[in-house]
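Numbering (the numbering used here), first residue to last: 934 to 1263.
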Amino acid sequence: MEYRRMGKTGLQLSVLSYGSWVTFSKQVDDSASARLMALAYDNGINFFDNAEAYEGGRSEEMMGRVLSRMNWDRTTYCVSSKVFFGLYGKNNRPNQRGLSRKHITEACHAALTRLQVDYLDLFYCHRADPNVPIAETVRAMHDLVTQGKVLYWGTSEWPAEAIKEAQRLCAERNFHAPIVEQPQYNLFHRSRVEKEYAPLYRSPAGLGLTIWSPLASGLLTGKYNSGLPADSRLSTPDLAWLRDRLLAQPGADKKLAAISALAAVAKELGTTLPRLGVAWCLKNPNVSSVILGASRVEQLKENLGALDLLPDLTPDILARLEKISSPVAA
Ligand code: NDP
């Protein structure tokens, strides 16, 4: 495993990490999640990603049971939560979602209980909240850091301008500032990471990135090029919205054609599409950690192999991947 510093912080994250969105408590049970996390940990992964919204809190509860069962030294791993969406489908009253001081504080306390830990290494504002002044949000996050309940805080899918404003307010008030962003990044989704956030990686902002959906929810594995496998994420009944977003939008056919062209490059390199997709994300030095999703041990084993592919991704190969993906990438 390789470790990278998270932006300008001293925190070292494994370049491959593991997240539980839509898998824990939906696709996998306690024993499968324990096998997946053990495989990750044994291979040097030191960051596990979660959120209050995932399965209405049940994803965090499952991860908490695994962490308590494994009894790993707490200093050897990082765990995150995210606040904004609330406990999807469970609680919809005012103040049970969003980035107010009240919800941020209560969401942190609830995540600590569900994950069975004393502090969160990372706590993200899962989206920007247009209904709450940024000054209120940054103060609430700063307070959680000073209370020792959160070590580092960040954002997920915030516009660059909002991150800059949050950092400006924190600098002015001597608050702990947001230092990591969690955006989508993969061969088909590039612009925010490569263009919009570009000025934020340098000093003084020094933003780190923990990126999500490196394989576009599995699309970039090629598994959807010949239909919809029955046991896959996109055939899960209540994820029809995701299936439609990935497979029923205009341009989906062009993406599937691009995947076939990417598969040919993978074959030439003697590797697989999932490894190629993950390794491509890792080639971006601004990425601190690529958050893998996997519903099976075999998938995680395969994707960990992306690390071995890095020396083969020469500038020529990267240019070929760019040529294939750019026309269909957002
Ligand atoms: P990916 O894009 O890597 O998709 C993971 C899925 O792809 C797996 O569950 C599996 O689907 C399929 N897959 C992965 N590897 C293989 C393989 N080798 N062969 C075949 N199929 C494979 O990542 P995610 O979309 O899961 O995102 C990763 C993490 O990022 C999440 O768990 C979460 O922690 C975070 N995230 C954050 C978001 C945010 O807003 N901040 C939003 C979304 C995710 P299947 O189960 O169908 O087999």
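Just so you know, even glycine gets a beta-carbon here, dropped at the ideal spot from N, CA and C. Since the model is a prediction, treat every value here as computed from it, not as a measurement.
Item	Value
Quick one, are the C-beta atoms of tryptophan 1145 and glutamate 1114 less than 8 Å apart?	no
CB of leucine 1225 to nearest heavy atom of the ligand NDP: below 7 Å?	yes
Use the C-beta contact count for methionine 996: other C-beta atoms within 10 angstroms, 16 or more gives buried, fewer gives exposed.	buried
Tell me which residue opens and which closes the beta strand (DSSP E) that isoleucine 1224 is part of.	1222 to 1225
Which one or two residues does DSSP pair with serine 1014 in a beta bridge?	Phe1056
Taking 7 Å as the cut-off, is the CB of arginine 1166 close to at least one heavy atom of the ligand NAD?	By its list of ligands, the structure shown excludes the ligand NAD, since it contains just the ligand NDP.
Using a Cβ-Cβ cut-off of 8 Å (strictly less than) and excluding sequence neighbours within five positions of leucine 1243, which residues of its own chain qualify?	Ala1212, Leu1215 and Lys1216
Would you kindly report the start and end of the unbroken beta strand (DSSP E) that includes valine 1083?	1083 to 1088
Just list the residues that DSSP pairs valine 961 with in beta bridges.	Phe957
Whole angstroms are fine: how far does the CA of tyrosine 951 sit from the CA of isoleucine 1224?	5 Å
Closer than 8 Å is the cut-off here; do at least three beta carbon pairs connect the region 1234 to 1248 with the region 1098 to 1105?	no
Could you tell me the distance, in whole angstroms, from the CA atom of threonine 1204 to the CA atom of leucine 1233?	15 Å
Taking 7 Å as the line, does the beta carbon of proline 1207 fall inside it for any heavy atom of the ligand NDP?	yes
Does the ligand NDP have a heavy atom nearer than 7 Å to the CB of serine 1089?	yes
Under 8 Å between the Cβ atoms of valine 955 and tyrosine 1118?	no
I'd like to check one pair, tyrosine 974 with tryptophan 1005: are the Cβ atoms closer than 8 Å?	yes
Based on the DSSP secondary-structure assignment, which residues constitute the bridge partners of phenylalanine 980?	Cys1011
Taking C-alpha atoms, which residue in His1042, Glu1069 and Ala1263 lies nearest to glycine 1081?	His1042
According to DSSP, which residues form a beta bridge with tryptophan 1145?	Gln1117
How long is the line joining the alpha carbons of threonine 1009 and proline 1183, rounded to whole angstroms?	45 Å
CA-CA distance, arginine 1106 and isoleucine 1037?	19 Å
According to DSSP, what are the bridge partners of arginine 937?	Leu946
For histidine 1042, does the three-state DSSP call read helix, strand or coil?	helix
Under 8 Å by Cβ, that's how I've got leucine 1020 and glycine 990 pegged, so tell me the actual separation to the nearest angstrom.	5 Å
Between the C-alpha atoms of isoleucine 1192 and threonine 1247, what's the straight-line distance to the nearest angstrom?	20 Å
Looking only at C-alpha atoms, which of Gln1049, Asp1054, Ile1096 and Arg1166 sits nearest to proline 1066?	Ile1096
Can you tell which of Ser1136, Glu1127 and Asp1249 has the C-alpha that lies nearest to the C-alpha of alanine 1262?	Glu1127
Figure out for me which residue from Lys1035, Gln1049 and Arg1178 has the closest Cα to the Cα of aspartate 1076.	Lys1035
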